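First the structure, in the form of structure tokens, and then the observations on it.
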């Protein structure tokens, strides 16, 4: 069981176009129970002096390098970060078959049921696509969209991340012995797939939770996400069940 004085490692991976600074509040919540590492892509935030990485394999190698080498670990991926979390868990499972890995995937649809983003979109049409994407996604302030420099910076980061997302394979093997907690907004316009399909990617129990609101579930539900994480981790530690664990209706009144 997870106790306040028995901290385990947690790695937090930001959303597309995001940086570690945007997850400062949630990171602070986690620090009461976890040793938290917030991953930052090269070229972002505190790593802004580094060249951006454009190959998915290089991103995964970089991400693995910041994850503690031993002990239980909780990997929390937010939006685009959810895909990186699942992929890095696969790499870790190959290298450390018996290591305790728990996944928390926020605000994204099953990898094998997703759509492509920028693949097939001509470069001259990318600005229109990104405008529409930001409008759908929500959470981008009017001041950013009204400022040419800020908007262009956001679009550059989004382009890099969506091109990385388009490199994620659809045919992932079953991830064994790593339970997953999946939380998403019921009104998220970017989630168009059947979220129950996440179970097809896990050989261990999952818990699927929908909350009120749109894409950015941490903006209004950070404490709820934290509480669900703690309860799920403790349940997985105590339970020998191999089936799905979920609320009766898969929803919370959040």
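Numbering (the UniProt record's numbering), first residue to last: 1 to 254.
By construction, the Cβ of each residue, glycine as well, lies at the ideal position given by its N, Cα and C atoms.
Just so it is clear, the structure is predicted and the values come from calculations on it, not from any experiment.
Go to residue i, then tell me how far its beta strand (DSSP E) extends in each direction, as first and last residue.
| i | result |
| --- | --- |
| residue 10 | 8-13 |
| residue 73 | 73-78 |
| residue 106 | 101-106 |
Starting from residue i, follow its DSSP beta bridges and name the residues at the other end.
| i | result |
| --- | --- |
| residue 54 | Residue 54 pairs with nothing; no bridge assigned. |
| residue 37 | 11 |
| residue 211 | 185 |
| residue 26 | Residue 26 is not bridged to any residue. |
| residue 175 | 202 |
| residue 180 | 103 and 206 |
Could you tell me whether the Cβ of residue i comes closer than 8 Å to any Cβ of chain D?
| i | result |
| --- | --- |
| residue 43 | Absence of chain D from the displayed structure is noted, only one protein chain being present. |
Where do the N-terminal and C-terminal ends of the alpha helix (DSSP H) with residue i fall, by residue?
| i | result |
| --- | --- |
| residue 127 | 126-137 |
| residue 225 | 217-238 |
Identify whether residue i lies in helix, strand or coil by the three-state DSSP scheme.
| i | result |
| --- | --- |
| residue 308 | Residue coverage of the chain in this structure runs from 1 to 254, which leaves residue 308 outside it and unanswerable. |
| residue 118 | coil |
| residue 192 | coil |
| residue 59 | helix |
| residue 165 | helix |
| residue 245 | At residue 245, the pLDDT of 43 sits below 50, so the modelled position is not reliable; the number obtained from the coordinates is stated separately. Three-state DSSP puts residue 245 in coil, outside helix and strand. |
| residue 86 | helix |
| residue 146 | helix |
| residue 141 | coil |
| residue 96 | coil |
| residue 170 | coil |
| residue 159 | helix |
| residue 64 | helix |
| residue 16 | coil |
Between the stretch 79-94 and the stretch 104-112, do at least 3 Cβ pairs fall closer than 8 Å? Short answer: they touch.
Contact the stretch 169-179 vs the stretch 26-34: 3+ CB pairs below 8 Å: no
Check whether the stretch 107-119 and the stretch 185-202 are in contact - that is, three or more C-beta pairs closer than 8 Å. Counting Cβ pairs under 8 Å, three or more are found: they touch.
Is it true that the stretch 30-42 meets the stretch 10-21, where meeting means three or more beta-carbon pairs spaced less than 8 Å apart? yes
Cβ contact (3+ pairs, closer than 8 Å) linking the stretch 142-162 and the stretch 178-189: No, they do not touch.
Take every Cβ of the stretch 201-219, pair it with every Cβ of the stretch 126-141, and state whether three or more of those distances are shorter than 8 Å. yes
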